[in-house]
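Student:
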Amino acid sequence: MAAVAAALLAGLFLILGASTAGETGKGTAVLLRALPAQTDLVQQEQAEVQADPTGFLVRAGEVILETDLLAAFMPGNLQSPAAAALRTPTRPQILALEFFPDAYIEVEVTSEDRADPQTLALYGRVPGVELATLTLTLTPESYFITFTDPHSTAMYRVVGANQSGEGRVIEYDLSKRPPVFEAAPLIPPVR
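Note that the sequence shown covers residues -21 to -1, 1 to 170 in mature numbering (1 follows the signal peptide of the UniProt record, and there is no 0).
(1) Roughly how many angstroms lie between the CA atoms of VAL86 and LEU36, to the nearest whole one?
(2) To the nearest angstrom, report how far apart LEU49 and TYR122 are at their CA atoms.
(3) Taking only the alpha-carbon atoms, compute the straight-line gap between THR112 and GLY103 and give it to the nearest angstrom.
(4) Run through DSSP, which three-state label would VAL148 get?
(5) Buried or exposed: TYR151, going by 16 or more other Cβ atoms within 10 Å of its Cβ?
(6) Buried or exposed, going by whether 16 or more other CB atoms sit within 10 Å of the CB of ALA140?
(7) Just reading off the beta strand (DSSP E) that THR114 is part of, what are its end residues?
(8) From the DSSP output, in three-state form, read off VAL138 for me.
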């Protein structure tokens, strides 16, 4: 009886593990998941969004970044030796991001950049969608994600803590963006 219970628990663990940390398709790894429970801070941000008379801010929510999936991109000094030994060296070609339960995209990683050894920037595009772009910047302390699709009015921005993976997402409606006025260029002094 104990063996049957253990087998059932193991099966349940595999099913739940596949759905939460999961692989969605061949070479696709879920990098960002929307969280259904909202903290007081996000509820406050949602109240500010609803109070925005322009409609530029659409909604706010919470997400979690699966930082383990980025291990293949991270330089050695961004991860502990113990964690590095547990992670696979293969890089996901397609990363899935769920900003909200109804806002899901799959992005192909096209390039990476390292401004310094402690910072990683990943750039991606949505296969088959011209000019839809993703930028993800990761430091030892935090991460920042921006996704824009010129064929949609939505833009998503995510800011979060790298250690916990927890972050906040805000959706913007670019068709209702307030006017942007450019300042005169500032010419640096000649020395």
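Backbone N, C-alpha and C fix where the C-beta goes; we use that ideal spot for every residue, glycine too.
Tutor: Reading from the atomic positions:
(1) Position 107 of the sequence shown, counted from the start, is the residue given in the question as residue 86. Position 57 of the sequence shown, counted from the start, is the residue given in the question as residue 36. One C-alpha to the other measures close to 24 Å.
(2) For this step, residue 49 is matched to residue 70 along the sequence shown. For this step, residue 122 is matched to residue 143 along the sequence shown. Distance between the alpha carbons of LEU49 and TYR122: 11 Å.
(3) Start at 1 with the first residue of the sequence shown, and residue 112 comes out as number 133. Start at 1 with the first residue of the sequence shown, and residue 103 comes out as number 124. Going from the Cα of THR112 to the Cα of GLY103 covers about 6 Å.
(4) Numbered from 1 along the sequence shown, position 169 holds the residue referred to as residue 148. DSSP places VAL148 in strand when its eight states are reduced to three.
(5) Counting from one through the sequence shown, the residue named residue 151 turns up at place 172. Looking at its Cβ environment, which holds 16 or more other Cβ atoms inside 10 Å, TYR151 is buried.
(6) Residue numbering aside, residue 140 sits at position 161 when the sequence shown is read from its first letter. Its Cβ having fewer than 16 others within 10 Å, ALA140 is exposed.
(7) Residue 114 sits at position 135 when you count from the first residue of the sequence shown. 112 to 117 is the span of the beta strand (DSSP E), which, as asked, contains THR114.
(8) Locating residue 138 in the sequence shown gives position 159, counting from the first residue. In this structure, VAL138 counts as strand in the three-state DSSP scheme.
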